[in-house]
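A.B. asks:
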Amino acid sequence: MTTPACRNNPSHQNAPRAHPERSARLSCNLAPSLLLRGLLALAALQSITFLALAGLPPGVFVLLLVAATVVVIAEYRRLNAISGRLTTRERRWFWRQGGLQREFQFRGELVLWRWLIVINGRDLDGRRVQLVLARDSVSGDDWRRLQAALRYSRAGAT
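Under the UniProt record's numbering, the residue at position 52 of the sequence shown is numbered 52, and the numbers go up by one with no gaps.
1. Where in the segment 125-150 do unbroken runs of the beta strand (DSSP E), each at least 3 residues long, occur, reported from the N-terminal end onward?
2. How long is the line joining the alpha carbons of Leu86 and Ala52, rounded to whole angstroms?
3. Under three-state DSSP, which class holds Leu56?
4. Just list the residues that DSSP pairs Gln46 with in beta bridges.
5. Contact check, Arg122 vs Phe104 under 8 Å by CB: the rounded distance?
6. Is residue 162 near Ala149, with beta carbons less than 8 Å apart?
7. Sorted by chain position, which residues of the same chain lie with C-beta nearer than 6 Å to Leu64's C-beta, five sequence neighbours on each side aside?
8. Kindly indicate which three-state DSSP category Leu110 falls into: helix, strand or coil?
9. Going by beta carbon distance, what residues of the same chain come within less than 8 Å of Gln147, once the five residues before and after it are set aside?
10. Is Met1 helix, strand or coil by DSSP?
11. Identify every residue that forms a DSSP beta bridge with Ser153.
12. Using a threshold of 8 Å, state whether the C-beta atoms of Val129 and Arg102 are closer than that.
13. Considering Cα atoms alone, identify which of Glu75, Asp141, Arg145 and Gly140 is closest to Leu131.
14. Mind checking whether Leu36 and Leu79 have CB atoms under 8 Å apart?
15. Under 8 Å, do Phe106 and Ser153 count as touching if we go by C-beta distance?
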């Protein structure tokens with residue numbers, strides 16, 4: 001499958017157009033999303049309101065409130081951990097977080113909406129890679145290039 005040339009791939013200008021092995025390079029800096037953190041806060045508020053209005057016995061209410069708080073804190077940490085660089089080269093995908101770069105392959109469902117991308121994969125050691133990205137996680141140009149690259153990658157994998 002041929003992927004389109006993009007601004008991040010300087011070699012596309014000299015490459016022959018009919019070459020079947022041409023692949024674009026992509027490099028996107030990802031940052032934690034304010035939008036997703038706001039949605040998480042709204043979901044937490046909704047859960048607390050539901051628990052308060054459910055008329056539960058006090059012991060059950062406190063237990064469920066603690067459970068909801070633990071889930072919200074875990075998800076908040078996960079959202080904040082999505083900070084790094086997503087790159088492609090030679091039809092391979094890489095996730096760099098901190099000083100560690102991991103090559104991964106797509107596994108499971110890929111969500112490509114106008115405002116949300118969910119990437120599920122496994123690195124070469126079998127560890128799970130899951131990236132939940134909102135539109136405000138990257139620049140506008142990088143968002144469009146990332147969506148295009150993901151569409152072409154998944155089409156080639158099936």
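Built from N, CA and C at the ideal position, the CB exists for glycine as well.
C.D. replies: Reading off the structure:
1. 128-134
2. 42 Å
3. coil
4. According to DSSP, Gln46 bridges with nothing at all.
5. 6 Å
6. In the structure as shown, the chain begins at 1 and stops at 158. Residue 162 is therefore absent and cannot be evaluated.
7. Leu51
8. coil
9. Leu112 and Ile117
10. Legend: pLDDT at Met1 = 35, less than 50; position of this residue unreliable, no value from coordinates given.
11. Ser153 pairs with nothing; no bridge assigned.
12. yes
13. Glu75
14. yes
15. yes
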